[in-house]
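Chains as they are written, first to last, in numbering that gives the first Met the number 0: chain C, 0 to 103; chain Y, 0 to 427.
Here's the structure we're looking at; comments come further down.
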Amino acid sequence: MSPVPRYLLSAYGPAFPDTGAFDERLRKDGHLVFAGGLEPAMTATTVDGRGALTDGPYLETQDSLGGLWVIEAADLDVALALAAEGSRACRGSVEVRPFRTAKS
Amino acid sequence: MIGTTAEQAITRTHQEEWARLVADLARRFGDLDVAEEATAEAFAAAAERWPREGVPPNPGGWLATTASRKAIDWLRRESQRDAKYQAARMVYDDSPPEPTGPVEDDRLRLVFTCCHPALAMEARVALTLRLIGGLTVAEIARAFLVQETAMARRITRAKVKIKAAHIPYRVPSAGDIRERLAGVLAVVYLIFNEGYLAGEGDDLVRADLTDQAVHLGRLLRTLLPDDGEVAGLLALMLFTDARRSARVSPTGELVTLAEQDRGAWDRTLIAEGNALVRERIRAVAAGGGPPGRYQLQAAINAVHAEAPSARDTNWPAIVALYGSMLQIDPSPIVRLNRAVAIAEVDGPEAALAEIDQLAGPLDGYHAFHATRADLLRRLGRTGESRSAYNRAIGMAGNATERSYLTRRRDQLPGAGSGTSTRPGPGGC
């Protein structure tokens with residue numbers, strides 16, 4: 000059988016408040032691969048293909064990436080339901096994006 | 000002679016079997032592309048062979064076998080092109096569909112996949128017409144007035160997303176089905192209106208969309224015979240479609256419900272709609288839960304359909320039905336529609352008072368100004384009526400509607416003849 004699909008859940012919002020309970024639920028139900036909150040976008044440094052450095056994030060956006068989860072879910076419906084919980088936990092929008100697999 | 004028969008057989012089988020073939024192949028091979036290509040190739044083979052060799056005794060079975068073979072050929076070609084995927088792709092599921100609760104038809108899975116909320120609305124519409132309706136990409140592109148290449152890209156992108164994001168091929172669970180089904184019905188109704196409201200009256204490709212939506216409505220009814228909103232949407236489409244030929248005059252002008260020749264309404268479609276509405280009334284009376292918006296709209300249309308004229312319409316029933324609709328959807332558009340009916344029960348003054356409360360949200364909506372113009376006309380406030388018509392004409396989206404409103408405006412000085420015609424929103 001094919002492996003369980005993986006999704007990147009990117010949390011966008013003004014802040015990345017405490018999502019500990021949600022992280023724990025992901026871990027308990029076997030969905031969690033990785034979870035982490037990020038320092039503000041102003042702390043980012045961007046390196047381009049030739050190695051030149053820019054102070055700041057690659058994309059300047061109103062709401063920057065505040066944190067992310069990598070999860071395993073049987074299909075998109077499951078991933079979207081988890082993302083809805085995550086968006087409530089972090090009080091922001093969550094982008095759900097599938098990881099590339101050998102088949103796709 | 001044989002040629003005609005074969006052609007008819009292909010048309011009929013296409014209508015009856017296309018969605019079933021695609022749905023079945025999609026489950027067995029786990030790939031919408033393969034399912035679509037193989038089904039299209041099977042029909043192409045039928046078009047070539049049936050006129051020459053005769054129609055097989057079981058056309059559906061012939062097509063299913065041919066499509067299966069085409070799918071395997073297709074996968075074999077693909078896997079030769081890229082051998083490392085061979086193992087993964089040649090393994091396919093040939094088991095009968097697994098039970099999914101009350102309904103097990105693969106076509107229902109296909110419907111829910113095509114109408115998945117993670118896809119853009121225009122992608123859902125295009126996929127539904129292609130994979131379930133069996134329209135060609137060229138036909139869909141023409142109907143939506145876009146380039147064929149753009150439409151092909153839209154469909155391809157949707158299929159890529161379904162595969163890459165693992166959108167499931169499944170009927171949603173009991174907890175989700177209500178909301179997801181509402182999304183499916185919205186796609187079907189959008190297709191219907193896209194065809195029906197095209198306005199030009201002579202655009203056959205767009206009229207095909209209306210037929211296609213009714214076809215989809217019938218299919219959903221077959222798949223979900225106990226669902227009230229499925230029945231409601233089908234009934235609503237049938238009632239609306241019954242008025243198709245009466246709603247545009249020979250000169251291409253829009254004819255409102257009140258002015259339509261009711262003798263030109265299609266009584267067969269109305270009878271079918273009535274049977275559905277009666278069934279829903281019985282179900283609601285038996286404790287089946289309150290009717291949803293499509294059932295209420297169908298009921299409103301049933302009241303119009305049984306009325307010998309606009310004057311002899313059971314307007315209190317229509318006011319009450321719009322009242323129920325406001326409970327579900329307290330939108331200004333529903334209030335506007337209810338006000339049109341209120342004018343018939345309590346007079347234009349009461350309706351105008353109701354409508355004037357909607358000026359904020361509906362100021363940019365032509366039907367608001369058209370309705371207002373008519374009420375002002377009936378109250379003898381000619382000057383105000385004229386300026387309301389002018390605003391409506393400036394906002395009206397299509398020529399049919401503009402020419403109707405212009406005529407009404409230009410008849411204003413002689414207003415008061417007593418004939419009551421009203422350009423209500425959705426009134427045709």
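Beta carbons: idealized from backbone N, C-alpha and C, even for Gly.
Check, Outcome
"Name the residues in the region 65–77 of chain C whose C-beta lies less than 9 angstroms from a C-beta of chain Y; which are they?", "A72, A73, D74, L75, D76 and V77"
"Against Y:H165, what residues of chain C qualify as contacts under a CB-to-CB distance less than 7 angstroms, listed in chain order?", "P4, D74, L75 and P97"
"Leaving out five residues before and five after Y:P58 in sequence, what residues of the same chain have Cβ atoms less than 7 angstroms from its Cβ?", "A8 and T12"
"Is the shortest distance between the beta-carbon of C:L79 and the beta-carbons of chain Y less than 8 angstroms?", "yes"
"In chain order, what residues of the same chain lie with their CB nearer than 7 angstroms to the CB of Y:W49, ignoring the 5 residues before and after it?", "A5, A8 and I9"
"Check the Cβ of Y:A25 against every Cβ in chain C and list those closer than 7 angstroms, keeping chain order.", "Correct list: empty, because the minimum Cβ distance to chain C is about 15 angstroms."
"Per DSSP, which residues does Y:E271 bridge with? Please list them.", "Partner(s): none; Y:E271 has no beta bridge."
"Relative to the C-alpha of Y:Q211, which residue among Y:A122, Y:A18, Y:L295 and Y:G227 is closest?", "Y:A18"
"Quick check on the DSSP output: the beta strand (DSSP E) that includes Y:D32 runs from which residue to which?", "Premise fails: Y:D32 lies in the alpha helix (DSSP H), L31 to E52, not in any beta strand (DSSP E)."
"Taking Cβ positions only, does Y:A157 come closer than 8 angstroms to chain C?", "no"
"How many whole angstroms separate the CB atoms of Y:G291 and Y:G216, which I take to be in contact at a CB cut-off of 8 angstroms?", "In fact, because the Cβ distance is near 15 angstroms, the residues do not count as touching under 8 angstroms."
"At least one CB of chain C closer than 8 angstroms to the CB of Y:A122: is that the case?", "no"
"Of all Cβ atoms in chain C, is any one closer than 8 angstroms to the Cβ of Y:A117?", "yes"
"With a threshold of 8 angstroms between beta carbons, is Y:A234 in contact with chain D?", "Chain labels in this structure do not include chain D; the protein chains are C and Y."
"Residues in the same chain with beta-carbon distance under 8 angstroms from C:G85, minus the five sequence neighbours each way, listed in chain order, please.", "L8, A10, T18, F21, W68 and V93"
"Between which two residues does the beta strand (DSSP E) harbouring C:P97 extend?", "S92 to P97"
"Would you call C:K27 buried or exposed, if buried means 16 or more other Cβ atoms sit within 10 Å of its Cβ?", "exposed"
"Ignore the nearest five residues each way along the sequence and tell me which others in Y:V302's own chain have a CB closer than 8 angstroms to its CB.", "T312, N313, A316, I317 and L320"
"Would Y:I154 pass as a contact of Y:L126 if the rule is Cβ separation under 8 angstroms?", "yes"
"Taking its Cβ as the centre, do 16 or more other Cβ atoms sit within 10 Å of C:G65, making it buried, or is it exposed?", "buried"
"Using DSSP bridges, identify the partner residues of C:Y6.", "C:I70 and C:P97"
"Could you check whether Y:L404 and Y:A369 sit closer than 8 angstroms to each other, using their CB atoms as the reference points?", "yes"
"Reducing DSSP to helix, strand and coil, say where C:E52 ends up.", "Reading off the sequence, residue 52 of chain C comes out as Leu, not Glu. C:L52: strand per DSSP, three-state reduction."
"Report the CB separation of Y:T38 from Y:A66 in whole angstroms; it is logged as a contact under 8 angstroms.", "5 angstroms"
"What's the C-alpha gap between Y:N389 and Y:L208?", "32 angstroms"
"Tell me which residue opens and which closes the alpha helix (DSSP H) that C:A82 is part of.", "L75 to C89"
"Note down, in chain order, each residue of its chain lying with its Cβ closer than 6 angstroms to the Cβ of Y:P347, except the 5 sequence neighbours on either side.", "L374, R377 and L378"
"Taking Y:R385 as the reference, give the member of Y:P360, Y:D23, Y:L107 and Y:D409 with the closest Cα.", "Y:D409"
"For the alpha helix (DSSP H) containing Y:I254, list its first residue and its last residue.", "Correcting the residue type first, residue 254 of chain Y is Val in the shown sequence and not Ile. Note, Y:V254: premise wrong, no alpha helix (DSSP H); not H, not E."
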